[in-house]
Every structure is written in C-alpha cells, then in structure tokens.
Amino acid sequence: MGKRTPLYDTHVKDGAKIVDFGGWDMPLAYGSQIEEHHAVRRDAGMFDVSHMCPVDLRGDVRPFLRKLVANNVDKLTHSGKALYSCMLNPAGGVIDDLIIYFLREDWFRVVVNAGTADKDLAWMEKVRLETEFDVTITPRRDLAMIAVQGPNARAKFWQVRPAAKAATEALGAFFAAEAGDLFVARTGYTGEDGFEVMLPAAQAARLWADLKAAGVAEAGLGARDTLRLEAGMNLYGNDMDESVSPLDAGLAWTVDLKTPRDFVGRPALERDGSRKAFVGLKLLEKGVLRSHQKVITPAGEGEITSGTFSPTLGFSVAMARVPRDVKAGDMVEVDIRGKRLPAQVVKMPFVRSGKPLI
C-alpha cells in the first residue's frame, strides 16, 4: 500500500482507478481519460496534487536559494511572485524541478515533486549545513493541494469560495496570495488558466465536493499527463533526472548564468554547455509515440522522453532529446516496434490555452 492523500477516500468513493505514482496511491481516471482531458481544455477540471510537497523555508532564505537553485531568486521582488527552477547536483544533473514562492524576505515556500520529496529535503539540508545559512526547512504535509484548471476554472472556484475572490482576482500568472486558510497560486501543469490551491488537509474533501457540485470535472493522472505534454511541460523522471542537464532538457530558460552567482552545478553547466537538442515531434502516420522509442535523424540517433496521443490535436506528439543540429521543420523517423514511421520536428508547446499551435 502506498501513501495516501487526504482525498484518497473521496477518489475511491467516486470510482477512480487507483494506481501507484511515486509511492502514492493516486487516481488515474474516474471514467474516460479523454473526457477528463477535454473538460480541462474546454471548461474546468480539478486534480488532487496533495502528493506534492510544499516546503516552507524561513530565516536567511534568499542567499540560501541563490546557492541551491539554478534560476535567480533575486527576480522575486514582489510578495506572492513565483519562480520555476531546478535544483542541480555538482555534475549539473537535475535533482528536481520546483516552484518557489516569495512571501516575505524571511519566508519562501517551495513545492517539490512527490517521488523526490525525501531526496529533495535531504539535499536542502545538506546544502544548508555546508553553507551554514540560518534557514529552517519545514515540509508542510498538513496541507492538501487541489489544482483547478481550465478556461472557466477561476470563475467556478470563486463561485464556491467567494470570500477568496478579493485576494485572488487580480493575481497575474505565476503569482500567489493568501485568502484566509487558503494559499491560492495562479499556476498549473496543463497549459490552461486556473489555480493551484493549498489548504488545511481537513478542508480538502469539502472543497473538492463543492467544486464537483459546481460542475468542475474530476480528473486523474492520465489526463494530467496528456495535458502537460500538449503544453510542452517536462515530467521529472521522464524528460530530465540526475543524469540530465537542464540545458539538454529544454530548460535553459530556467538557468541564470549571466549573474555572478555560485550555485550548485554551475561549473559543470559552464564546462559542458548544451550537448543535445530538446524538441517536439509530430507523428505523420497512425501510431502512438512513447518514451524510450528511438529517433533516427540525419545527424544521428536520439530518444523520445515523453510521448502520447494528443486528444486535442487528434494525432501523436512527443518530446525528444536528439543531436544538437536537429531543428524545427526537419523530418525524422521513429522506431515503433521495429517499424520506422515518419515524424516532423516542431516547436513546443503543441497546445496552449485550448488552441493547437502545430
């Protein structure tokens, strides 16, 4: 038996298919995965993301984060502003990708992935001890997290929690605000508008039920994966891990090498640079692109890191790590069970705000 979120009993009651995900018992789907996907693209859907781990950092946090992550936390100057970044090992590999929220100079909140949470906390503590910064690291397992995503997600959230509207109506993308017991962030993993809501675990089932009554569709890991892939968003363990540089995972935009800042992994990034291209693929014949399939290009071989059939587009798309000379517009082949099928290299994302981009 895996770990369970505060909403586990709700998922079972509502007929979800439960699967293991990073050591957690999580809902894969409540019925049709494709219908859940379309609900998010066209209206509003919700995901239990309580398996992810919020971590509160208090004390001398900013200089600690300058050392810990590859992006520059000095970009965070307004309370509530969020920043996406990676923690790297000394070889430049990705320990985890995470979101950092700046709340006060002595209080930042970091959200890390479920399957890497224990490793992440140990790494944070190791860096803290080595740097001797006066920082307290507190995992917030007392909080649940519900992502409400889609073009009508914010309106339906305000419908069920009207008291939160005043604090959250003016939030820009990648900003968060406290609204009573709720911590509401205008962030997500779907390529759609919406909120990610952190709240006391005891309140999660009531919010879930209220959102469901307001017409927000329950959605599981299956739809979350097709949505994030269409949106060109990486999945840790597929598209990057401790053996992969962010420069080879399409995440160069999350790395700040311009400012003179000594962060873990910087020497390796500067020494090795980018060795691979990270590209999107569109399959030109019937079939489904999957991770680990071989990509044959004129410049050499590569590999698909994430692939799926796109419910929005009606054909299969993928992310792939390929030789550096490969670029958008190139024609390649993908080995699917011994058969080479043609594919085209395209720019990502594939879909954003419900609109096809390829």
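Read in the working numbering, the sequence shown has 343 at position 337, and its numbers run on one by one without any break. Cβ coordinates follow ideal geometry from the N, Cα and C atoms, glycine included. Here the structure is a predicted model, which means the values were calculated and not measured.
Proximity winner among PHE108, THR142, ASP124 and TRP214, relative to ALA153 (alpha-carbon distances) | Taking the sequence shown and counting its residues from 1, the one referred to as residue 153 is at position 147. When only C-alpha atoms are compared, the closest one is TRP214.
Could you name the residues of the same chain whose beta carbon sits closer than 7 Å to that of ARG267, not counting the 5 residues immediately before and after it, in chain order?
-> On the sequence shown, residue 267 is found 261 positions in, with the first residue counted as 1. Here the set comprises ARG72 and ASN78.
Would you mind stating whether ARG134 and ASP62 have Cβ atoms separated by less than 8 Å?
-> As a working note, residue 134 is residue 128 in the sequence shown. As a working note, residue 62 is residue 56 in the sequence shown. Cβ distance not < 8 Å, so ARG134 and ASP62 don't count as in contact.
Answer yes or no: do GLU111 and ALA229 have a C-beta to C-beta separation smaller than 8 Å?
-> Here residue 111 is taken as the residue at index 105 of the sequence shown, counted from 1. Here residue 229 is taken as the residue at index 223 of the sequence shown, counted from 1. No, Cβ-Cβ distance for GLU111 and ALA229 is not below 8 Å.
GLU236 burial status per 10 Å Cβ neighbour count (16 or more: buried) = If you number the sequence shown from 1, residue 236 lands on position 230. With 16 or more other Cβ atoms within 10 Å, it is buried.
Distance, ASP54 Cα to HIS17 Cα = Translated into the one-based positions of the sequence shown, residue 17 becomes position 11. Translated into the one-based positions of the sequence shown, residue 54 becomes position 48. Each residue's alpha carbon lies about 9 Å from the other.
Which first and last residues belong to the beta strand (DSSP E) in which VAL340 is found?
-> Your numbering for residue 340 matches position 334 in the sequence shown. It spans 337-342 - the beta strand (DSSP E) in which VAL340 sits, taken as one unbroken run.
Beta carbon of SER85, beta carbon of PHE114: below 8 Å?
-> Looking up residue 85 in the sequence shown gives position 79. Looking up residue 114 in the sequence shown gives position 108. Cβ distance not < 8 Å, so SER85 and PHE114 don't count as in contact.
Look up GLN209 in the DSSP assignment and say whether it is helix, strand or coil.
-> Your numbering for residue 209 matches position 203 in the sequence shown. Helix at GLN209.
Considering only residues of the region 124-180, which uninterrupted beta strand (DSSP E) runs meet the minimum length of 3 residues and lie entirely inside it, listed in chain order?
-> 141-145 and 149-155
Going by C-alpha distance, which of ALA179, ALA183 and GLU198 is nearest ALA170?
-> By one-based count along the sequence shown, residue 170 stands at place 164. Comparing Cα-Cα distances from ALA170 to each of ALA179, ALA183 and GLU198, the minimum goes to ALA183.
Considering only C-alpha positions, which residue in the set GLY226, ARG358 and VAL141 is nearest to SER56?
-> The sequence position of residue 56 within the sequence shown is 50, counting from 1. Of the listed residues, the one whose Cα sits closest to SER56 is GLY226.
Does the beta-carbon distance from ALA12 to ALA207 come in below 8 Å?
-> Within the sequence shown, the letter at position 6 stands for residue 12. Within the sequence shown, the letter at position 201 stands for residue 207. Rather than Ala, the amino acid found at residue 12 in this sequence is Pro. The answer is yes: Cβ separation under 8 Å.
Around the C-beta of TRP129, are 16 or more other C-beta atoms found within 10 angstroms, so that it is buried, or is it exposed?
-> As a first step, residue 129 must be located in the sequence shown, where it is residue number 123. Counting Cβ neighbours within 10 Å, TRP129 comes out buried, since at least 16 surround it.
Hey, PRO252 and THR265: beta-carbon distance below 8 Å or not?
-> Residue 252 sits at position 246 when you count from the first residue of the sequence shown. Residue 265 sits at position 259 when you count from the first residue of the sequence shown. Not in contact: PRO252 and THR265 (Cβ atoms no closer than 8 Å).
Express the C-alpha separation of VAL332 and GLY308 in angstroms, rounding to a whole number.
-> Position 302 of the sequence shown holds residue 308. Position 326 of the sequence shown holds residue 332. Their Cα atoms are separated by approximately 10 Å.
Euclidean distance between Cα positions of ASP66 and PRO355 = In the sequence shown, residue 66 corresponds to position 60, counting from 1. In the sequence shown, residue 355 corresponds to position 349, counting from 1. If I take the Cα positions, the gap works out to 37 Å.
Pull up the distance between the alpha-carbon of ASP148 and that of ARG212, whole angstroms please.
-> The residue labelled residue 148 in the question sits at position 142 within the sequence shown. The residue labelled residue 212 in the question sits at position 206 within the sequence shown. Roughly 16 Å separates the two Cα atoms.
What is the residue span of the beta strand (DSSP E) that PRO355 lies within?
-> Indexing the sequence shown from 1 puts residue 355 at position 349. Note, PRO355: premise wrong, no beta strand (DSSP E); not H, not E.
Kindly indicate which three-state DSSP category PHE284 falls into: helix, strand or coil?
-> Here the question's residue 284 lines up with position 278 in the sequence shown. Looking at PHE284 - three-state DSSP - the assignment turns out to be strand.
Do the region 86-98 and the region 156-170 make contact, defined as three or more Cβ pairs closer than 8 Å?
-> no
In this structure, what does DSSP give as the bridge partners for GLY51?
-> As a first step, residue 51 must be located in the sequence shown, where it is residue number 45. DSSP, once it has assigned bridges, lists GLN155 and ALA223 as partnering GLY51.
GLU236 in three-state terms, based on DSSP | Here residue 236 refers to the residue found at position 230 of the sequence shown. In this structure, GLU236 counts as helix in the three-state DSSP scheme.
Per-residue DSSP class, three states only, for GLU41 = The residue you call residue 41 lines up with position 35 of the sequence shown. If DSSP states are grouped into helix, strand and coil, GLU41 belongs with the helices.
Candidates GLY320, GLN165, LEU289 and ASP262, of which the one nearest ALA220 by Cα = Position 214 of the sequence shown, counted from the start, is the residue given in the question as residue 220. Comparing Cα positions, the closest option is GLN165.
Candidates TRP30, GLY197 and ILE342, of which the one nearest ARG48 by Cα = As a first step, residue 48 must be located in the sequence shown, where it is residue number 42. Among TRP30, GLY197 and ILE342, the Cα nearest to that of ARG48 belongs to GLY197.
Apart from the five residues on each side of it in sequence, which residues of its chain come closer than 7 Å, Cβ to Cβ, to PRO69?
-> As a working mapping, residue 69 is identified with position 63 in the sequence shown. Contacts found: PHE139.
Kindly confirm or deny that the region 307-323 and the region 271-280 touch, where touching means at least three C-beta pairs closer than 8 Å.
-> no
Helix, strand or coil for GLU184 per DSSP?
-> Mapped onto the sequence shown, residue 184 falls at position 178. Three-state DSSP puts GLU184 in a strand.
Using alpha carbons as the reference points, say which of LEU82, MET52, ALA123 and PHE180 lies closest to LYS9.
-> Within the sequence shown, residue 9 is the residue found at index 3, counting from 1. Ranking LEU82, MET52, ALA123 and PHE180 by Cα distance to LYS9 puts ALA123 first.
Unbroken alpha helix (DSSP H) run spanning LEU275, endpoints | Taking the sequence shown and counting its residues from 1, one reaches residue 275 at position 269. Taken as a continuous stretch (DSSP letters only), the alpha helix (DSSP H) holding LEU275 covers 272-278.
In angstroms with no decimal places, state the Cα-to-Cα distance between PHE315 and LEU289.
-> Residue numbering aside, residue 315 sits at position 309 when the sequence shown is read from its first letter. Residue numbering aside, residue 289 sits at position 283 when the sequence shown is read from its first letter. Cα-Cα distance, rounded: 9 Å.
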